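These protein sequence lines map, in sequence, to chains P and A. Sequential numbering of the first sequence, starting at 605, is according to the numbering used here. Sequential numbering of the second sequence, starting at -14, is according to the numbering used here. Using N, Cα and C, we set each Cβ at its ideal position, and we do this for glycine too. Remember, predicted model here, so these are calculated numbers, not experimental data. Below is one structure, written out as structure tokens, with a few remarks after it.
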Amino acid sequence: MHQFLQQVFSGLASGAIYASLALALVMIYRATDLVNFAQGEMAMFSTYIAWTLVQAGLPFWAAFVLTLAISFLGGLVIERVVIRPVENAPVLAAVIVTIGLLLIFNSLAGWIYSYTVQDFPSPFPDRPVLGALMTTRDLGVVAVTLVMLLLLFSFFRFTTTGLAMRAAAQNPASARLCGIRVGRMLAIGWGLAATIGATAGMMVAPVLFLDPNMMGGVLLYAFAGALLGGITSPVGAVVGGLIVGVTENLVGTYLIASQLKLTVAFIVIILVLVVRPNGLFGTAVVRRM
Amino acid sequence: MAPILQLRAVKAFYGQSEVLHGVDVAVEDGGMTVLLGANGAGKTTTLRAICGMVRSEGEIVFAGRRLERLSTEDIAGLGVAHVPEGRGTFSDLTVEENLRLGGYTRRSGAQASMQRMFGHFPILAARRQQQAGALSGGEQQMLAIARALMMAPRLLVLDEPSFGLAPRIVEEMFAILDRIRHEENVSVLLVEQNASLALSLADHAYLIETGYVVASGSAKSLADDPQIRRSYLGY
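Given below as structure tokens:
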């Protein structure tokens, strides 16, 4: 029983990371109807920026905050420079652009930092807590994720800019009639998504170690989480991400070799698409002909 | 009175095809002007041209400013509040959030405006925490108008506000509108299928057919025109 609970809690820690990245995916999807395949690689690149700052002698949390700011600006620039030109293009063209971004970031990281695996520092000590159910490191990851989610939900719920972003995502034409600069809102959305991804990257890097392909698997789990929650629902993304994290851990412990864990993500994706395409919290998109 | 809005030889295009062929329309400051015409005549397109939602040529002057090159957002910021066809409320957001968005461009006074809107439309006060999508058609239209007025606009542009509503609701809505347009100090440009009701409220009217203005004048003179009576008023 104790081992089972241990696996559940450690699953929650990785689930929190999938939840963050899933949330970033959902934000972009809601705002632009676009799945950003580069989300994981953007997070990986942000993590390298943090690593560089730490190597340069910055304390971890200073590097963390600075990386978030840089990532926000980076997301903004990516939207303006790369995504804006394909805004009205067929969705396939936009998807290809995000896949292109994925390859660019991956190669860029490999070129600058090489493909050698690097050690990434964790700000949290690694001690068992809660009757050895969890480590302080896992607890720290969950706490950071929770704080980020709380800030994000407060932003969307209570600030005028957050409200304007929701309006722009839901009905761009009406938002313009209210005087909202929809393009600017989309850019902020990309900035925020990049920031969320950066958090996820910096939290997962101490566990996975840092290399340019670090986020490949994480992105797949995040996709599974986002789909499970319903690709249109931010709450669903978080819940879905956590469920995927716990499931992955339990299946890896009790059912199959942990090397095969990634199949869990694919099984979840296929099951959701077959059984419940709108996910747990998503709403069906109905268009009258 | 000088017109607050003046369109001169305005053409509008959907892609390559020209759907407005040079219309002249004016809205007096403090007045209410109605555009009449059959479906597909170009009424909605005229409104869209004003708000920069379609490509247009010609001259559109609002309060001394040329609008043709401006974006929809900028035009809204200048004080043109457009309630589009189909109302354009944010159905997943609450009534209050919709109204807050109406006041998005304002630096101050939005809170006081919201209280005034709840006074004009008590039903919105009762439903302020509900999602806009859960409101009835009439309530949504009132929300759309209230949201537009939250901008403290100088010109309110209404595209078929009576569409899909029961006659009793339509009369109630226009009664409120007629009262508050003076209180809110706003000029109105209205597109409306219900010609007799619209002509009874407006002071100027334009009849648009296939992209041209074919008749214009005071609302009374158009209401008395035998041909318009036959074609649009049905008596």
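### Query
Does V(-2)/A get closer than 8 angstroms to chain P when you measure Cβ to Cβ?
The question names Val, but residue -2/A is Phe in the sequence shown. It does not: the Cβ of F(-2)/A has no partner Cβ on chain P nearer than 8 angstroms.
### Task
Determine the DSSP secondary structure at S121/A, reduced to helix, strand or coil.
Reduced to three states, the DSSP call for S121/A is coil.
#### Entry: Separation of A698/P from L192/A, as counted between CA atoms
Their backbone Cα atoms lie some 44 angstroms apart in a straight line.
### Message
Restricting to Cα atoms, I'd like to know which of E42/A, G37/A, G27/A is closest to A(-6)/A.
### Response
If we check each option's Cα against that of A(-6)/A, E42/A comes out closest.
### Message
For a contact defined as C-beta to C-beta under 7 angstroms, what are the partners of F75/A on chain P?
### Response
The answer, in chain order, is A771, Q774, N775, S778.
### Task
Closer than 8 angstroms by C-beta to L182/A: which residues in its own chain qualify, once you throw out the five before and the five after it? Chain order, please.
Counting only Cβ-Cβ distances below 8 angstroms, and skipping sequence neighbours, we find S147, V155, E156, F159.
### Message
Strictly below 8 angstroms CB to CB, what residues from chain P border P69/A?
### Response
Result: A777, S778, L781.
### Task
From the DSSP output, in three-state form, read off M135/A for me.
The answer is coil: DSSP assigns M135/A none of H, G, I, E or B.
### CB contact flag (A620/P, G801/P, <8 angstroms)
A620/P is not a Cβ neighbour of G801/P, given a cutoff of 8 angstroms.
#### Entry: N- and C-terminal bounds of the beta strand (DSSP E) containing I193/A
Residues 189 to 194.
### Message
Tell me the DSSP secondary structure of S675/P in three-state form.
### Response
S675/P sits in a helix when the DSSP states are folded into three classes.
### the segment 752 to 766 of chain P: positions lying closer than 9 angstroms to chain A by Cβ
Within the segment 752 to 766 of chain P, the residues whose Cβ lies closer than 9 angstroms to some Cβ of chain A are T764, listed in chain order.
### Status (buried if at least 16 other CB within 10 Å, exposed otherwise) for L877/P
Label assigned to L877/P: exposed.
### Task
Return the residues of the segment 39 to 66 of chain A that lie within a Cβ-Cβ distance of less than 7 angstroms from chain P, sorted by chain order.
For the segment 39 to 66 of chain A, the residues whose beta carbon sits under 7 angstroms from a beta carbon of chain P are, in order, T57, E58, A61, G62.
#### Entry: Identity of the residue in G7/A, S56/A, S2/A, L(-10)/A nearest K(-4)/A by Cα
It is G7/A.
### Task
For chain P, find out if any of its Cβ atoms is closer than 8 angstroms to the Cβ of L86/A; answer yes or no.
Closer than 8 angstroms: yes.
### Message
For chain A, check one thing: does any of its Cβ atoms lie closer than 8 angstroms to the Cβ of I784/P?
### Response
At least one CB atom of chain A sits nearer than 8 angstroms to the CB of I784/P.
### Message
Closer than 7 angstroms to a non-hydrogen atom of the ligand COA - does that hold for the CB of S726/P?
### Response
The ligand content of the structure shown is nil, which means the ligand COA is not present either.
### Task
Measuring alpha carbon to alpha carbon, tell me which of G22/A, A66/A, M17/A ends up nearest R33/A.
If we check each option's Cα against that of R33/A, A66/A comes out closest.
### Query
How about the segment 752 to 772 of chain P and the segment 715 to 730 of chain P: do they share at least three Cβ pairs that are nearer than 8 angstroms?
No contact exists between the segment 752 to 772 of chain P and the segment 715 to 730 of chain P.
### Query
For T30/A and chain P, any beta-carbon pair shorter than 8 angstroms?
No - not a single Cβ of chain P is within 8 angstroms of the one on T30/A.
### Query
For A768/P and chain A, any beta-carbon pair shorter than 8 angstroms?
Output row for A768/P: interface = yes.
### Message
I'd like the ranges of any beta strand (DSSP E) spanning at least 3 consecutive residues and lying wholly in the segment 751 to 833 of chain P.
### Response
Considered as a whole, the segment 751 to 833 of chain P harbours no complete run of any beta strand (DSSP E) with no fewer than 3 residues.
### Query
How about T79/A: is its C-beta nearer than 8 angstroms to some C-beta of chain B?
The structure shown contains no chain B; its protein chains are P and A.
#### Entry: Option in I653/P, I632/P, Q610/P, S624/P with minimal Cα separation from I792/P
Taking I792/P as reference, the option from I653/P, I632/P, Q610/P, S624/P with the minimal CA-CA separation is I632/P.
### Message
Can you check whether the C-beta of E82/A is within less than 8 angstroms of a C-beta belonging to chain P?
### Response
E82/A counts as touching chain P.
### Message
So, under 8 angstroms CB-CB, I784/P and E58/A are touching, yes? Tell me the CB distance rounded to an integer number of Å.
### Response
With a beta-carbon spacing of about 7 angstroms, I784/P and E58/A fall inside the 8 angstroms limit used to define contacts.
### Query
Can you tell me whether D144/A is buried or exposed, with buried defined as 16 or more other CB within 10 angstroms of its CB?
Per the 10 Å Cβ criterion, buried.
### Query
At what residues does the beta strand (DSSP E) containing R(-7)/A begin and finish?
That run of the beta strand (DSSP E) goes -12 to -1.
### Task
Evaluate L707/P with the Cβ neighbour count: other Cβ atoms within 10 Å of its Cβ, from every protein chain shown; 16 or more gives buried, anything less gives exposed.
By the neighbour-count rule (16 or more Cβ atoms within 10 Å), L707/P is not buried but exposed.
### Task
Run the CB neighbour count on R112/A, radius 10 Å, all protein chains shown included, and call it buried at 16 or more, exposed below.
Burial call: buried.
### Query
Taking the DSSP output, what are the residues bridged to R51/A?
DSSP lists V46/A as partners of R51/A.
### Task
Could you check what DSSP says for Y719/P in three-state terms: helix, strand or coil?
Residue state for Y719/P is assigned as coil, using DSSP reduced to three classes.
### DSSP state of G844/P mapped onto helix, strand, coil
The answer is helix: DSSP assigns G844/P an H, G or I state.
### Three or more C-beta pairs below 8 angstroms linking the segment 102 to 119 of chain A and the segment 74 to 87 of chain A
In short, these stretches touch, since the Cβ pair count reaches three.
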